[in-house]
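Working notes for the structure below.
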Amino acid sequence: MFIVLVSLVIGLFVAMLFVNIYFRIKVIKSYRRLVAHKVEFGPAHVFNISKLRTEVLPRYPAQADDILTFVNSLRYSIRMATVLLFLITAFGAVLMYFRNIP
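According to this note's numbering, the sequence shown is numbered sequentially starting from 24.
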């Protein structure tokens, strides 16, 4: 049981690393295109899609696809990292419990 839990924690950690690298590359690519076109918006627009659609997209209609790709990738990356971090913590807590049992 201990070996299975350790393997799960290591696997989840590796998954979190790969998710982070993949989305970081995807987000940075979109971010560079947005910076090149001088698109500006704040964190409130990232987390509130309706605000993004009403305030930012009308100002930059040519970059709408890049803006949505950037925002969606960023939000998905945060969501995946949160889930994986929770799973790693939960399995780590179970490992700590089983480590103390003789």
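Here a beta-carbon is modelled for each residue, glycine too, at the ideal position from N, C-alpha and C.
In this text the structure is predicted, and so the values were computed from the model without any measurement.
Length of the line joining the Cα atoms of residue i and residue j
{"i": "GLY65", "j": "VAL32", "result": "35 Å"}
{"i": "VAL37", "j": "TYR45", "result": "12 Å"}
{"i": "SER18", "j": "LEU108", "result": "Given that the chain is displayed from residue 24 to residue 125, the structure contains no residue 18 and the question cannot be resolved."}
{"i": "ILE51", "j": "THR92", "result": "11 Å"}
{"i": "VAL29", "j": "LYS74", "result": "43 Å"}
{"i": "ILE111", "j": "VAL27", "result": "13 Å"}
Sequence-distant residues of the same chain with beta carbon closer than 8 Å to residue i, five excluded per side
{"i": "MET24", "result": "PHE121"}
Closest Cα partner of residue i within the set the options
{"i": "ASP88", "options": "ALA116, LEU57, GLY34, LEU107", "result": "LEU57"}
{"i": "GLU63", "options": "ILE72, TYR83, ILE48, LEU118", "result": "TYR83"}
{"i": "ALA85", "options": "VAL42, LYS61, LYS49", "result": "LYS61"}
Buried versus exposed call for residue i [16 or more other C-beta atoms within 10 Å across all chains shown]
{"i": "LEU40", "result": "exposed"}
{"i": "SER53", "result": "buried"}
{"i": "PHE180", "result": "As displayed, the chain neither begins before 24 nor continues past 125, which places residue 180 out of reach and without an answer."}
Cβ-based neighbour list, residue i, same chain, cut-off 6 Å, excluding 5 preceding and 5 following
{"i": "SER100", "result": "PHE46"}
Inset, instruction - Could you name each continuous beta strand (DSSP E) segment of 3 residues or more that falls completely within the region 59-124, going from the start of the chain to the end? - result: none
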